[in-house]
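Letter by letter, the sequence shown follows residues 1 to 704 in full-length UniProt numbering.
Built from N, CA and C at the ideal position, the CB exists for glycine as well.
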Amino acid sequence: MNIMTMSTFTKVKMGGVPRIVGRYLSTALVVLTSIGIAESAELKRAGFVSLPGQSVELKLEFDSTPTVPTSYVIDNPPRLVMDFWGASNGAGSRAIDVKTGVVDNLSFVEADGRLRVVANLYSTVGHNVELSNSQVVVTLDAASSPVARQSDAPVRASNTVTAQSQGTTIRDLDFKRLEGNQGRVIIDLSNDQARLDVNREGGNVVVTLSDTRLGDGMDRRFDVQDFATPLSFIDMMSVGGSTTILMRPSSAPFDYMAYQTGNQLFVDFIPLTRNEQEELRANQFPYSGERIDLNFQNVEVRAVLQIIAEVAEKNLVVSDNVGGTTTLRLKNVPWDQALDIILKSKNLDQRMIGNVLMVGTASEIAERERIEIESQKQAVELSPLLTEFVQIDFRRASDMKSRLEEARLITERGFLLADDQTNVLMIRETREQMEQIRRTLRRFDVQVSQVLVEARLVTASTEFARELGVRWGALHNSTPSGNDFSIGGGAGSVPGVPSVPGSGNTSIPSMPGMVDFGVGNPTSALRVGYLGGGLLLSAELSALQSDNKVEIISQPKVITTNGRPAVIKSGQEVAFQTVENGEVSLEFKEVVLSLEVTPQINPGDRISMDLKILQDSLDPNRLGGELLINTNQLETSVVVNDGDTIVLGGVFRNDIENEIRKTPVLGDLPVVGNMFRYKRERETKRELLIFITPTMIRESLVVQ
1 MNIMTMSTFT KVKMGGVPRI VGRYLSTALV VLTSIGIAES AELKRAGFVS
51 LPGQSVELKL EFDSTPTVPT SYVIDNPPRL VMDFWGASNG AGSRAIDVKT
101 GVVDNLSFVE ADGRLRVVAN LYSTVGHNVE LSNSQVVVTL DAASSPVARQ
151 SDAPVRASNT VTAQSQGTTI RDLDFKRLEG NQGRVIIDLS NDQARLDVNR
201 EGGNVVVTLS DTRLGDGMDR RFDVQDFATP LSFIDMMSVG GSTTILMRPS
251 SAPFDYMAYQ TGNQLFVDFI PLTRNEQEEL RANQFPYSGE RIDLNFQNVE
301 VRAVLQIIAE VAEKNLVVSD NVGGTTTLRL KNVPWDQALD IILKSKNLDQ
351 RMIGNVLMVG TASEIAERER IEIESQKQAV ELSPLLTEFV QIDFRRASDM
401 KSRLEEARLI TERGFLLADD QTNVLMIRET REQMEQIRRT LRRFDVQVSQ
451 VLVEARLVTA STEFARELGV RWGALHNSTP SGNDFSIGGG AGSVPGVPSV
501 PGSGNTSIPS MPGMVDFGVG NPTSALRVGY LGGGLLLSAE LSALQSDNKV
551 EIISQPKVIT TNGRPAVIKS GQEVAFQTVE NGEVSLEFKE VVLSLEVTPQ
601 INPGDRISMD LKILQDSLDP NRLGGELLIN TNQLETSVVV NDGDTIVLGG
651 VFRNDIENEI RKTPVLGDLP VVGNMFRYKR ERETKRELLI FITPTMIRES
701 LVVQ
């Protein structure tokens, strides 16, 4: 043993530049150091893999080969405890959640020169510990019986990985896109005996399978960028007797989860938002201070606190009740984590007031805070009350009263009265509470922005119709003196045909019995007649073609304040007759064009809107004599820049109508059948487009 008096110097880094922080711990600080103590192992990483049958494999990786652990099982509560003598925790956390199989979580505790790893279980199970170089593999088998209560001798560990009777082969790899843009990698193995390890190295996820080889054609890269998940590429390679699967994600933040079921290994990639990523990092490692190294034996706690305060560049105030010594070995840890470890090991607590770090016992600090709260409460109860009248400028006084009461800013001694006629608040409170009420009113009583919302509903319709028909007629006069008879239906006289003797004209009356497939209101017609031997035969070909285009624009506008709903309607009420129990009554139905909107102004002059647009119209057709109402309705939420126009949606309708009327048999004849047939074609296209333009109303716009 060497006894030496020295000044303690701790090498730290400030802003990436090394510096030496020196501080005399005491006038004569005696540090006892042991000679010949071997460098202890440090835990770097802890992970787990789910095995079939609720079994779990825990993996502990050290920076060097640790000592063989001593392990034992506790029944109530069920726990597996392993002690690694001379080891320390460098994993960056004191606990990890497992929630897999029979294991709830793992915790790591340093005490008395050893690292204790505690696995909290759901039930007591058997376990097996294997040591391979710097890795410790603990298998918790749910199917086996638990080991003895405590093992006095260390668990025998093998320095080599147990060889499998048959190696494992990766037969196939599949990738699927799940709901929520999640990605799943499915690795198909030949058996469930593969020893695997899943770690996150840098920005990649690395899966290592021992004693595993790749199947034919599997040694290649898989490109999965087109699936739009956090994963981009999967590289598979074999080195020696192991296989490495390198999963390269995109630049987007993500989290992953790996588990095995039977012969299949699943690795899920879950996309995260930036806030979720920061929250995940904070939960995993909440310390952000400058990293330092501390290695002391039996050093005074006050001295260590002084070193940490120097590194953190904080002023330090230590209570007289803080004392004692501590032994610690911390390497490359944040100073705030080192402070937390020391305080918890000595049942101490700290408060940061500005740039001053105050350290004392936990009970002492709690008692001081309790006394401060009691003093503040007494001061409030004894403070004099002031009365003020506050003029409200932009809101109703009753609304401001409700806000203050909801915020619980009025104490039991206080009083609050609102007058909407003068828009004044009468407030009676203490001076401190009155100042807080003023600050709150200044935040709420502000001029609210207004928004002009303009909607344009464009209804365009195109109608095309074509009709083609034929009409036959005949007239016969047997004698010049009379005895006329006619068949069919000519629409009028046949030009250029002389009068039939005895008839006086060429008009053919419309009578049943012949073809009458003429167009009702033709735009053009062709009549052909034959006259001979007292017989007049006529044929009339008629046609109609129409092309109609209509565009109707409805443009409702409404102005409302930020966050308040507004409604505008224009239309009529239509009466309907209803019969109930033999009594006839009239009911009215609105046929309107309405716009209902609730705008919300966001940072960056962006406006979010909840919209409901309704456009009704009367249908010219009727059903059983009753009126029909056509309805177009849209409900949506959108975000638009100030002054921009957005197309919310559209409705397109295309009606095609074909009608053929013909004379049986004759109308089916080729070519000639057209003379005994009526044909009608109609096509109607209707399209509705809805445009929305929100505009913030500024003072300059109001003046104009």
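Could you tell me the alpha carbon to alpha carbon distance between residue i and residue j, rounded to whole angstroms?
| i | j | result |
| --- | --- | --- |
| Pro670 | Arg466 | 21 Å |
| Leu416 | Arg443 | 18 Å |
| Arg195 | Ser210 | 5 Å |
| Phe227 | Ser242 | 29 Å |
| Asn332 | Leu294 | 8 Å |
| Glu657 | Arg677 | 17 Å |
| Glu389 | Ala379 | The question names Glu, but residue 389 in the sequence shown is Phe. For Phe389 and Ala379, the distance between alpha carbons rounds to 24 Å. |
| Leu628 | Thr598 | 31 Å |
| Asn654 | Met675 | 31 Å |
| Trp85 | Arg116 | 8 Å |
| Ile697 | Leu595 | 19 Å |
| Gly47 | Lys346 | 30 Å |
| Ser190 | Asn199 | 22 Å |
| Pro66 | Gly90 | 13 Å |
| Phe62 | Ile96 | 16 Å |
| Gly469 | Arg661 | 9 Å |
| Gly324 | Asp445 | 57 Å |
| Gln421 | Asp393 | 12 Å |
| Ile186 | Leu173 | 6 Å |
| Thr411 | Gln376 | 14 Å |
| Gly202 | Ala460 | 58 Å |
Taking DSSP as the reference, what is the three-state secondary structure of residue i?
| i | result |
| --- | --- |
| Thr440 | helix |
| residue 724 | In the structure as shown, the chain begins at 1 and stops at 704. Residue 724 is therefore absent and cannot be evaluated. |
| Ser554 | strand |
| Asn632 | strand |
| Glu313 | coil |
| Gly667 | helix |
| Arg274 | helix |
| Asn674 | helix |
| Ala566 | strand |
| Ala194 | coil |
| Met434 | helix |
| Ala575 | strand |
| Val639 | strand |
| Val304 | helix |
Within a Cβ cutoff of 7 Å, which residues of the same chain sit near residue i, ignoring the five residues on either side of it in sequence?
| i | result |
| --- | --- |
| Asn355 | Lys314, Asn315 |
| Leu385 | Arg413, Arg428, Glu429, Thr430 |
| Ser238 | Arg213, Leu214, Asp219 |
| Phe269 | Gln182, Gly183, Thr229, Pro230, Leu231, Pro249, Phe254, Tyr256 |
| Gln615 | Leu457, Ser554, Leu593, Asn632 |
| Leu121 | Pro78, Arg79, Leu80, Val102, Val103, Asp104 |
| Gln436 | Leu409 |
| Asp83 | Pro69, Thr70, Arg114, Arg116 |
Specify, as a first and last residue, the run of the alpha helix (DSSP H) that residue i falls within.
| i | result |
| --- | --- |
| Met400 | 397 to 406 |
| Ser363 | 362 to 382 |
| Gln337 | 335 to 345 |
If I follow the unbroken beta strand (DSSP E) through residue i, where does it start and stop?
| i | result |
| --- | --- |
| Ile292 | 291 to 300 |
| Tyr409 | Rather than Tyr, the amino acid found at residue 409 in this sequence is Leu. Segment: none, Leu409 is in no beta strand (DSSP E) and carries neither H nor E. |
| Tyr122 | Element bounds for Tyr122: n/a, residue is neither H nor E. |
| Tyr72 | 70 to 74 |
| Pro66 | Segment: none, Pro66 is in no beta strand (DSSP E) and carries neither H nor E. |
| Met218 | Careful: Met218 lies outside any beta strand (DSSP E) and carries neither H nor E. |
| Asn602 | 583 to 602 |
| Leu51 | Counting along the chain, Leu51 falls outside any beta strand (DSSP E), and DSSP gives it neither H nor E. |
In the DSSP assignment, what are the bridge partners of residue i?
| i | result |
| --- | --- |
| Phe269 | Gly183, Tyr256 |
| Phe227 | Answer by DSSP bridge pairing: none, since Phe227 is not bridged. |
| Asp172 | Asp188 |
| Leu178 | Gln182 |
| Ser132 | Gln135 |
| Met247 | Val205, Ile234 |
| Val117 | Met82, Phe108 |
| Ile646 | Ile692 |
Taking 6 Å as the limit between beta carbons, can you name the residues of its chain near residue i, skipping five residues before and five after?
| i | result |
| --- | --- |
| residue 706 | Outside the modelled stretch of the chain, which goes from 1 to 704, sits residue 706, for which no answer is possible. |
| Asp605 | Asp642 |
| Ser617 | Asn630 |
| Thr695 | Leu452, Gly643 |
| Leu178 | Arg184 |
Please go through the same chain and pick out, in chain order, the residues whose beta-carbon is closer than 8 Å to the beta-carbon of residue i, but skip the five residues on each side of it.
| i | result |
| --- | --- |
| Arg403 | Thr440, Phe444 |
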